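Participant:
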């Protein structure tokens, strides 16, 4: 349980509102009891989420961290072969997994590509989403039609889209290469050449990510009061100045949230890479998450401890990123 | 409009189309006398529509091509021509000769449960976080944020073991619980933002009329928050419908797979049955698109309520 039910608490600021018409505590209430009677509504409402997260994320996380300090792999974990039960024989190896990973070039290679992948995907889809949202945020014939069309990639399940792109990217017979051949251009090895494969996965992910950005940005744009633009226009601000000094600041809260969220999503974007290239060719498009998955489910023998260590490192990186990001925002006056 | 003015218009609109991403066209500068606010010259209109048309084409083409391909005979899956020999053989094959229907049933069960439970518990959590100040609130917010960044990789092996020891492997319930942990943190976050936009006075009015906090939440706030609920429901639905990693790791055996796992069996190292894949993919995409159609009206308002206030 994450909620600190046992921690003595000072009376919360709006306790009277929460307490409502309830009895104001017993004769000689302990602080715990008082805070329990004050906050039990709130706690009851968050309890299911905390329970689910605690069991399904908390326990595996602790287990995962533990596994990452052992040498567990397919050959020495507890398993059943027929009726025989083979107990686990792996043992603790301390931080060996981590030192091995960090001193090996593979991790840094994958990390470099993951950063490139995350930054370019988020930057491209944010820019495109913002651009399209500005175009759509005005009186326009067929506006809702355009909006429907532009949001479509989001409505189609991601794995379906990814299969479709594989169909389009097919080197010998795919639509894209046939169109290029029609224009006299040689076939492009979309998914079979390391560089092209990287471009392809980024393209597909941007294609998938733009609708989310577009919708969020449209909402953000609509929340900017029109009077600001009128006033700026009166003062002779150019379109670019209006965009730069009204639109962008007005979008800051929305953008900071969606950039944080989509940054995290992209960093962990498993399906696109796994289904499009399986991390290939070689391991050219393998990001940290897919590589960790490969360690525990694809390679033989399955390397559970290595995979767990990769996972813990990924988590540390992301938490670090989130803390820095939040701190930066707070400096600019955002609080939660 | 005088010839003078239209000449000015065209030069001006040329500069405008080059700076497409600014919201220039709402307000024209030099010829303001002739053109009311919010109108744009013909060239700007053309530029706007061309840009949007290209973007829309890029967005629509892949799904459209999927649809077209699904009606082609297996042997012509890769021909560039539009449908020459229209056939529903792919659909027939998928529905009658594969496990597609049981995959569909599995997916519907898992996703339905995830959506219903996910929306409910993220709404209560969002409400609690939005309205009450209680000890553990900040840690909870952090927990919700951090849970979203949990990489599949760190959880998947221990979770696999956990589900195995609970006997939930290959059971829809196991997947439902897993998906809740993916969908709920984001949904609760979004619902909090949405509830923040509902005036507190409404709660107070309910309280005065003798409702307890649960009654206030259930009878007053939930009906007001329907758009937000639609968005969270949509998000949970899409999450479950499209999840690949957990589904392929936890569900084994042809008839236990969900759609995301099952479709992979059509095209892998050994076989590439693109005809069946496209037909199945179309059947999968349709319910998602329908749900999307219902939710999209509320999508913008719900999402940004969550985003702007978080």
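Protein chains in written order, with this note's numbering: chain L, 25 to 360; chain B, -3 to 306. Glycine included, C-beta positions come from ideal geometry on N, C-alpha and C. For clarity, every value in this text was computed on a predicted model and none was experimentally measured.
With a threshold of 6 Å on Cβ separation, who are the neighbours of residue 42 of chain B within its own chain once the five nearest residues in sequence on each side are excluded?
Facilitator: Walking along the second chain from the start, residue 42 of chain B turns up at place 46. Closer than 6 Å at Cβ, skipping near neighbours: no residue.
Participant: Just how far apart, CA to CA, sit residue 91 of chain L and residue 66 of chain L?
Facilitator: Position 67 of the first chain, counted from the start, is the residue given in the question as residue 91 of chain L. Position 42 of the first chain, counted from the start, is the residue given in the question as residue 66 of chain L. Cα-Cα distance, rounded: 35 Å.
Participant: What is the DSSP secondary structure of residue 224 of chain L, counted as helix, strand or coil?
Facilitator: As a position in the first chain, residue 224 of chain L is number 200, starting the count at 1. Of the three classes helix, strand and coil, the one that applies to residue 224 of chain L here is helix, per DSSP.
Participant: What residues are listed by DSSP as bridge partners for residue 94 of chain L?
Facilitator: Working through the first chain from its first residue, we reach residue 94 of chain L at position 70. Note: residue 94 of chain L sits in a beta bridge opposite L:116.
Participant: Between the beta-carbon of residue 114 of chain B and the beta-carbon of residue 179 of chain B, is there less than 8 Å?
Facilitator: As a working note, residue 114 of chain B is residue 118 in the second chain. As a working note, residue 179 of chain B is residue 183 in the second chain. Yes; because the gap between Cβ atoms is below 8 Å, this pair is in contact.
Participant: Less than 7 Å separating the Cβ of residue 154 of chain B from some heavy atom of the ligand MG?
Facilitator: Inclusion of the ligand MG in the displayed structure is not the case, the ligand content being empty and no account of it being possible.
Participant: For residue 191 of chain B, which residues of its own chain have a beta-carbon under 6 Å away from its beta-carbon, when the five flanking residues on both sides are left out?
Facilitator: In the second chain, the residue the question calls residue 191 of chain B occupies position 195. The answer, listed in chain order, is 122, 123 and 126.
Participant: Which of the three DSSP states, helix, strand or coil, is assigned to residue 268 of chain B?
Facilitator: As a first step, residue 268 of chain B must be located in the second chain, where it is residue number 272. It is a strand residue.
Participant: Quick check: the Cα distance between residue 121 of chain L and residue 330 of chain L, rounded to an integer number of angstroms?
Facilitator: Within the first chain, the letter at position 97 stands for residue 121 of chain L. Within the first chain, the letter at position 306 stands for residue 330 of chain L. For residue 121 of chain L and residue 330 of chain L, the distance between alpha carbons rounds to 6 Å.
Participant: Cβ of residue 143 of chain B less than 8 Å from any chain L Cβ?
Facilitator: The count along the second chain starts at 1 and reaches residue 143 of chain B at position 147. Residue 143 of chain B counts as touching chain L.
Participant: Does residue 323 of chain L come out as helix, strand or coil in the three-state DSSP assignment?
Facilitator: Taking the first residue of the first chain as position 1, residue 323 of chain L is located at position 299. Coil, per DSSP.
Participant: Assuming residue 180 of chain L contacts residue 285 of chain B under a Cβ cut-off of 8 Å, what Cβ separation, rounded to an integer in Å, is found between them?
Facilitator: Locating residue 180 of chain L in the first chain gives position 156, counting from the first residue. Locating residue 285 of chain B in the second chain gives position 289, counting from the first residue. At roughly 7 Å, the Cβ-Cβ gap stays under 8 Å, so residue 180 of chain L and residue 285 of chain B are in contact.
Participant: Contact defined as beta carbons within less than 8 Å: I believe residue 225 of chain L pairs with residue 300 of chain L. What is the distance between those atoms, to the nearest angstrom?
Facilitator: Locating residue 225 of chain L in the first chain gives position 201, where the first residue counts as 1. Locating residue 300 of chain L in the first chain gives position 276, where the first residue counts as 1. The pair is a contact, with the Cβ atoms about 6 Å apart (cut-off 8 Å).
Participant: Any beta carbon from chain L within less than 8 Å of residue 280 of chain B's own beta carbon?
Facilitator: If you number the second chain from 1, residue 280 of chain B lands on position 284. Output row for residue 280 of chain B: interface = yes.
Participant: What does the alpha-carbon distance come out to for the pair residue 322 of chain L and residue 306 of chain L?
Facilitator: Numbered from its first residue, the first chain carries residue 322 of chain L at position 298. Numbered from its first residue, the first chain carries residue 306 of chain L at position 282. Between residue 322 of chain L and residue 306 of chain L, the C-alpha separation is close to 14 Å.
Participant: I'd like to know whether the C-beta of residue 181 of chain L is nearer than 8 Å to at least one C-beta of chain B.
Facilitator: In the first chain, the residue the question calls residue 181 of chain L occupies position 157. Closer than 8 Å: yes.
Participant: Tell me which residues share the same chain as residue 212 of chain L and place their Cβ nearer than 7 Å to its Cβ, disregarding the 5 neighbours each side in the sequence.
Facilitator: For the purposes of this step, residue 212 of chain L is taken as residue 188 along the first chain, with counting starting at 1. For residue 212 of chain L, where only same-chain residues beyond five positions count, the Cβ hits under 7 Å are 201, 204 and 220.
Participant: Compute the beta-carbon to beta-carbon distance between residue 260 of chain B and residue 272 of chain B, rounded to the nearest angstrom, for a pair I have assumed lies under 8 Å.
Facilitator: What you label residue 260 of chain B is simply residue 264 of the second chain in a count that begins at 1. What you label residue 272 of chain B is simply residue 276 of the second chain in a count that begins at 1. Rounded, the Cβ-Cβ distance is 12 Å, inconsistent with contact.
Participant: Would you say residue 277 of chain B reaches chain L, if we count a Cβ-Cβ gap shorter than 8 Å as a contact?
Facilitator: Stepping through the second chain from its first residue, residue 277 of chain B is reached at position 281. Judged by the 8 Å Cβ criterion, residue 277 of chain B is in contact with chain L.
Participant: Leaving out five residues on either side along the sequence, give the residues of the same chain with a beta carbon under 6 Å from the beta carbon of residue 207 of chain L.
Facilitator: Translated into positions along the first chain, residue 207 of chain L becomes position 183. Once the five neighbours on either side are set aside, residue 207 of chain L has no close Cβ partner at all.
Participant: Which residues, in chain order, does the stretch 54 to 73 of chain L contribute to contact with chain B at a C-beta distance below 7 Å?
Facilitator: Listed by position, the residues of the stretch 54 to 73 of chain L near chain B (Cβ gap below 7 Å) are 59, 63, 65, 66, 67, 69, 70, 72 and 73.
Participant: Using a Cβ-Cβ distance under 8 Å, would residue 84 of chain L count as near chain B?
Facilitator: Along the first chain, one-based indexing puts residue 84 of chain L at 60. Output row for residue 84 of chain L: interface = yes.
Participant: Out of L:85, L:246, L:267 and L:156, state which residue places its alpha-carbon closest to the alpha-carbon of residue 157 of chain B.
Facilitator: What you label residue 157 of chain B is simply residue 161 of the second chain in a count that begins at 1. When only C-alpha atoms are compared, the closest one is L:85.
Participant: Output, in sequence order along the chain, the residues in the stretch 54 to 66 of chain B whose CB is closer than 8 Å to any CB in chain L.
Facilitator: Taking 8 Å as the Cβ-Cβ cut-off against chain L, the residues of the stretch 54 to 66 of chain B that qualify are 54, 55, 56, 58, 59, 61, 62 and 65.
Participant: At the 8 Å Cβ level, is residue 253 of chain B part of the contact set with chain L, yes or no?
Facilitator: Here residue 253 of chain B corresponds to residue number 257 of the second chain, with the count starting at 1. False, the Cβ-Cβ gap to chain L never drops below 8 Å.
Participant: Quick check on DSSP: helix, strand or coil for residue 263 of chain B?
Facilitator: Numbered from its first residue, the second chain carries residue 263 of chain B at position 267. Three-state result, residue 263 of chain B: strand.
Participant: Check the C-beta distance from residue 128 of chain B over to residue 63 of chain L and give it rounded, since I have them as a contact under 8 Å.
Facilitator: Walking along the second chain from the start, residue 128 of chain B turns up at place 132. Walking along the first chain from the start, residue 63 of chain L turns up at place 39. Yes, they are in contact, since the Cβ atoms of residue 128 of chain B and residue 63 of chain L sit about 7 Å apart, within 8 Å.
Participant: Are the Cβ atoms of residue 138 of chain B and residue 199 of chain L separated by less than 8 Å?
Facilitator: On the second chain, position 142 is the one that residue 138 of chain B refers to. On the first chain, position 175 is the one that residue 199 of chain L refers to. No; because the gap between Cβ atoms is not below 8 Å, this pair is not in contact.
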